[in-house]
Amino acid sequence: MGLYYSLLVSDLDGTLLTSDNQISKHTRQAIDRYQKNGGMFTIATGRSLRASLDIINELHIGLPVILYNGAMLYYPYENEIREVVPKGISKGNALQYLNQILQIPARKTAAIGNQLNDISMLRIAGLSASVANAHPLVKQYTDVIVPTNDQEGVR
3 MGLYYSLLVS DLDGTLLTSD NQISKHTRQA IDRYQKNGGM FTIATGRSLR
53 ASLDIINELH IGLPVILYNG AMLYYPYENE IREVVPKGIS KGNALQYLNQ
103 ILQIPARKTA AIGNQLNDIS MLRIAGLSAS VANAHPLVKQ YTDVIVPTND
153 QEGVR
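Just so you know, we're using the working numbering here: the sequence shown kicks off at 3 and counts up by one.
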């Protein structure tokens, strides 16, 4: 039996990363397990490529990565950056584009975040989650609230 949510998209700062900007061993193992079971994983961040590259490499992300709050997609295996939506830039619009190119319906996508710039992405996803340390407004847009980033909420 396959995974219901084929794609998991996570914000970085305050969500996937701990307060000391690390990915815990257990979170890394959970992502690996999800991928080994057929799930696809990527990140959506406000960061630049330069600020995200170590994490992309650490997690061996092969899917396009949403950068600059949705203004750009980075294709790791092609080592190529592409502009996504010059007008109406958001993580949500970038996720819709990613769903189209991966041919995954939004209802089969799970997303997790913690800040206001994540709301558009959370509203698109079939399953939306926020970490317990999320902005109160973000929590209003999520189906599930998981433990904080320091308590391995993405795990």
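Note that beta-carbon positions come from the ideal geometry of N, C-alpha and C, so glycine has one too. Quick caveat: nothing in here was measured; it's all calculated off a predicted structure.
Taking residue i as part of the alpha helix (DSSP H), name the residues at either end of that continuous run.
i	result
Leu124	Ile121 to Ile126
Ile33	Lys27 to Lys38
Ile91	Neither: Ile91 is in no alpha helix (DSSP H) and is coded neither H nor E.
Three-state secondary structure (DSSP) at residue i?
i	result
Arg49	coil
Leu18	helix
Leu75	strand
Leu100	helix
Val156	coil
Ile58	helix
Asn95	helix
Report, in whole angstroms, the separation of the C-beta atoms of residue i and residue j, which I expect to be a contact under 8 Å.
i	j	result
Leu61	Gly41	Not quite, the Cβ-Cβ distance comes to about 13 Å (not below 8 Å), so this is no contact.
Ser54	Leu75	Actually they do not touch by this definition, with Cβ atoms about 12 Å apart.
Can you give me the Cβ contacts of residue i inside the same chain, cut-off strictly under 7 Å, excluding the 5 residues immediately before and after it?
i	result
Arg125	Gly94 and Tyr143
Leu51	Leu69, Tyr76 and Ile83
Val71	The sequence shown places Asn at residue 71, rather than the Val named in the question. So the qualifying residues of the chain are Gly48, Ile91, Ser92, Lys93 and Asn119.
When DSSP builds the beta bridges, which residues end up paired with residue i?
i	result
Glu80	Paired residue(s): none; Glu80 is not in a bridge.
Ala113	Val11 and Ser130
Thr44	Val11
Ile147	Ser132
Near residue i, what residues of its chain come up, given a Cβ to Cβ distance below 6 Å and the 5 sequence neighbours on each side ignored?
i	result
Gly155	Val133, Val148 and Pro149
Arg157	His28, Thr29 and Ala32
Gln24	none
So, for residue i: in the same chain, excluding its five sequence neighbours on each side, which residues have a beta-carbon less than 8 Å away from its beta-carbon?
i	result
Lys110	Tyr6, Tyr7, Ser8, Leu9 and Gly128
What residue range does the beta strand (DSSP E) around residue i cover?
i	result
Leu5	Neither: Leu5 is in no beta strand (DSSP E) and is coded neither H nor E.
Leu69	Val67 to Leu69
Ile106	Looking at the DSSP string, Ile106 is not in any beta strand (DSSP E), and its letter there is neither H nor E.
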